[in-house]
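Each remark here refers to the structure printed beneath this line.
Chains as they are written, first to last, in my numbering: chain A, 7 to 153; chain B, 7 to 153; chain C, 7 to 153; chain D, 7 to 153.
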């Protein structure tokens, strides 16, 4: 699994999408900070909004193309905690786009503070049976333009 | 909506099923206690284990009978907080069983302390389209024996 | 527990606050719809945004006043399901404001469709020990103006 | 971030702890499978039960030693989906134990099927301020015996 590493995350991708997010009680734990698994949800919310920004939704991709995205690998580094009521920004950058596999570089920031950085590998599979399936060409093209 | 009230919850149903549950970090919030929506999940876990105890599972009911249970109404009273690492017991009692509608009386306890009491109305509907559908007779019979 | 009922929910409170919310994968379950406990989180997110709209935050109330809000009672009626990618609106209305106890009337809508209605009783307690504690007068006044 | 890799995960640690887990509706998403962030919670539940098995709890460690564990890094590979009602086993193995830093190798299995493998780096920090703090010697010794 050399395929996923965070070592180059300092070189930000050229284009990134940014999604604001607010921290609610539901996101925190008894340690007084955002629960670590919650950031994994934040990362997906941001990817979903970025997809919507490109003109696509998960529900349409399933309905029209029988396609769903699954996370196949996840690498998250937690640098600083986030707190109740924090206003966060979650970024979406693309490392690479293959026919069925997209590697995202994402970050969670509070103002200029980098809290979390992540690399997430997503695969496009058939909703029915989960076999790998090629991205719709128009979506692939839009993604490649972001690399 | 007079149909759901907690006023008789002191009279426990004759038969109750009890399900142990442990409090993890994921269940707590920055207030240091179990997050209120988390108890709603605990209640369903206990109903699911009770169903399994009767010889049924949600996945089988859907596969064999095209039936899913949905929560149509929920009334929860929070009396005392639960804390990280607490060992809880969640009970399942039945108030009434109709052809498509079951009223559960449930409680969450830590030893003899009553933390939460709830009434939950569940309906059996078609997995495809969510129209009300009668319970499988064998399941209805087993449930009625518990009232 | 006659204190909480949904029977008058048709008469909307005079002033309501509205909070937009998007449905993500994390909110749904294998039934293909938003998981019932998730709406309980949506309701709190909306109350939190309404509080922020009034000029207060949960973290400030705790830091400055040693006060936290706890949910003491919850009554939710699920009328129609919400789906992946739905754009929802969650409303916050106030039924009554006491010195330590607020009764909220809330709804979840998708366009003109009413999906969920709820009454939620919230109490203000000391962060340290959870004893009831009076609302800060400026907050109580702002809330009463909404009844 | 060469420090965390899954490449040697085939060599299982000598001693592993195993924790059974059941899949409930709350764990699944509209794709019909367990939501990817949910596995991150499963992993922590298992580490918590393993800690309890060693004679320690998170709440005691905080109360007696002012110590909390935080996840500082997470690397998860998703190999096969888990489904509603699945009975899973989550393992806890230890790769290395430092004075403040523990590297866990964990897996989620359904019978002999490997569904998820993960490496999780946990640090022990002061509950108050989150500065690194040494593990209690008795806990460190018990952990080292597992490497």
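Cβ coordinates follow ideal geometry from the N, Cα and C atoms, glycine included.
Closer than 7 Å to chain A by CB, residue i
| i | result |
| --- | --- |
| residue 145 of chain B | no |
Residue i: contacting residues in chain B (beta-carbon distance under 7 Å)
| i | result |
| --- | --- |
| residue 90 of chain D | 64 and 65 |
Residue interval of the alpha helix (DSSP H) (run including residue i)
| i | result |
| --- | --- |
| residue 54 of chain D | 42-59 |
| residue 66 of chain A | 64-71 |
| residue 148 of chain D | 143-150 |
Contact list for residue i against chain A, beta-carbon separation under 9 Å
| i | result |
| --- | --- |
| residue 71 of chain D | The contacting residues do not exist; residue 71 of chain D stays about 14 Å from chain A at best. |
Residue-level contact to chain C via CB, residue i, 7 Å cutoff
| i | result |
| --- | --- |
| residue 83 of chain B | yes |
Cβ of residue i within 7 Å of any chain B Cβ
| i | result |
| --- | --- |
| residue 60 of chain C | no |
| residue 74 of chain C | yes |
Cross-chain neighbours of residue i in chain B, by beta carbon under 9 Å
| i | result |
| --- | --- |
| residue 79 of chain C | 12, 81, 82, 83 and 84 |
Cβ of residue i within 7 Å of any chain D Cβ
| i | result |
| --- | --- |
| residue 17 of chain A | Confidence at residue 17 of chain A is low in this model, with a pLDDT of 49, below 50, so the placement of that residue should be treated as unreliable; the coordinate-derived value is given next. So no, residue 17 of chain A is outside the interface. |
Burial state of residue i (16 or more Cβ within 10 Å)
| i | result |
| --- | --- |
| residue 73 of chain D | buried |
| residue 150 of chain A | exposed |
| residue 81 of chain C | buried |
| residue 47 of chain A | buried |
| residue 117 of chain B | exposed |
| residue 123 of chain C | buried |
| residue 135 of chain C | exposed |
| residue 69 of chain D | exposed |
| residue 99 of chain A | buried |
| residue 61 of chain C | exposed |
| residue 94 of chain A | buried |
| residue 125 of chain A | buried |
| residue 105 of chain D | exposed |
| residue 85 of chain C | exposed |
| residue 120 of chain A | exposed |
| residue 42 of chain C | buried |
Residue-chain proximity (residue i, chain E), Cβ-Cβ < 7 Å
| i | result |
| --- | --- |
| residue 61 of chain C | Although the question refers to chain E, the structure presented lacks it and instead comprises the protein chains A, B, C and D. |
Residue range of the unbroken beta strand (DSSP E) whose run includes residue i
| i | result |
| --- | --- |
| residue 111 of chain B | 107-116 |
| residue 132 of chain B | 119-132 |
| residue 25 of chain B | 23-28 |
| residue 101 of chain C | 93-103 |
Any non-hydrogen atom of the ligand MG within 6 Å of residue i CB
| i | result |
| --- | --- |
| residue 149 of chain C | Looking for the ligand MG in the displayed structure turns up nothing, as the structure carries no ligands at all. |
Residues, ordered as in the chain, of the segment 24-58 of chain C that lie near chain B by beta-carbon distance below 9 Å
36, 37, 38, 39, 41, 42, 43, 44, 45, 46, 47, 49 and 50
Taking a cut of 8 Å between CB atoms, which residues from the segment 119-145 of chain A lie near chain D?
133 and 136
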